[in-house]
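Report on the structure given below.
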Amino acid sequence: MSDTITLAAETRDRVGKGASRALRRDGRVPAVIYGQNKEPTSIHLEEKALMKALMTGHFMNSVIMVSGERTLPKDVTFHPVTDRPVHVDFLRIGEHTEVTVAVPVVFADEDDCPGIKRGNGVLNITRHEIELVVDAADIPSEITISLKGKEIGDSIHISDVELPKGAKPAIEDRDFAIATIVPPTVPTAQDEALEAEVAETQAAEAAAEAEATDAEDDTKEG
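First residue of the sequence shown? That's 1 in the working numbering, and the numbers climb one at a time after it.
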């Protein structure tokens, strides 16, 4: 189960772009808490503490205690150039609220996967996260999927995954695939011919450049 993360916050007296820029200059990140039919609360967080929480790798599927309120992160906006967090949205939740979260997928038992070990197959992951509907008190930190016994051509669907008790997939209208064991990529004769042609061209260009450099050096020495 994901750990509960606690973040200290202060209420924002002013809102707007100018006020938000001033907060960011002081190492603070504007945020808002909404939901449960209550008025949104404008707050700001310490950027360093927020970054530490983000670096855990499971921030988005963890319960976050903010100013004494139980919340779930719904969105984190990052600066397009610096990648620094510039705004966070938190959703108020009850202790046992049913929530939808994206939970990371982890694959295990690769050494016991014949398709990879003996067949040199490749694990092609189509979903790195699975959206689950779970009780807020029982959010898993990750979903582990075993590759034991899987052969080349085998696919792993959501119906093959043992989910935690009480959890169900958010997508219920189809048995979606999560990963497939695919054959190794074998270079064709055309691929090899193209690589040889590229290598030959690069060698010729390098030789021509070296010859031009030698000629320029001879001219300078003369």
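Every residue gets a Cβ at the ideal spot worked out from N, C-alpha and C, and that includes glycine.
Proximal residues to residue i (C-beta, below 6 Å), its chain only, five neighbours per side dropped
i, result
"L45", "L7, A9, V29, A31"
"L147", "F107, D109, E110, C113"
"S272", "Limits of the chain in this structure are 1 at one end and 222 at the other, which puts residue 272 out of reach."
Contacting residues, own chain, Cβ-Cβ under 8 Å from residue i (five flanking each side not counted)
i, result
"G57", "P104"
"I171", "E131, I158"
"K165", "D138"
Whether residue i touches residue j by CB criterion (8 Å)
i, j, result
"E69", "A102", "no"
"K48", "G27", "yes"
"N124", "V182", "yes"
"R92", "G35", "yes"
"R24", "V86", "yes"
"V161", "I145", "yes"
"G115", "I152", "yes"
"A167", "P140", "yes"
Cβ separation of residue i and residue j, assumed to be a contact under 8 Å, to the nearest whole Å
i, j, result
"S62", "T11", "Contact flag wrong, Cβ pair sits at about 23 Å."
"I33", "F78", "That belief does not hold up - the Cβ atoms of I33 and F78 are roughly 19 Å apart, past 8 Å."
"V134", "V99", "7 Å"
Beta-carbon proximity list for residue i, same chain, < 7 Å, skipping 5 on both sides
i, result
"A137", "E95, H96"
"T71", "I33, I64, F90, L91, R92, I93"
"D3", "S62"
Exposure label - residue i; buried when at least 16 CB within 10 Å
i, result
"V198", "exposed"
"V88", "buried"
"P73", "buried"
"K220", "Residue confidence for K220 is low, a pLDDT of 48 falling below 50, so the modelled location carries little weight; the figure read from the coordinates is stated next. Exposed is the call here."
Interface flag, residue i vs chain D, CB-CB below 8 Å
i, result
"A19", "Reference to chain D is not applicable here, since this structure consists of a single protein chain."
| message | List, from N- to C-terminal side, the alpha helix (DSSP H) runs of 4 residues or more that fit wholly inside the region 106-165. | response | 114-117
| said: List, from N- to C-terminal side, the beta strand (DSSP E) runs of 3 residues or more that fit wholly inside the region 21-51. | reply: 28-35, 38-46
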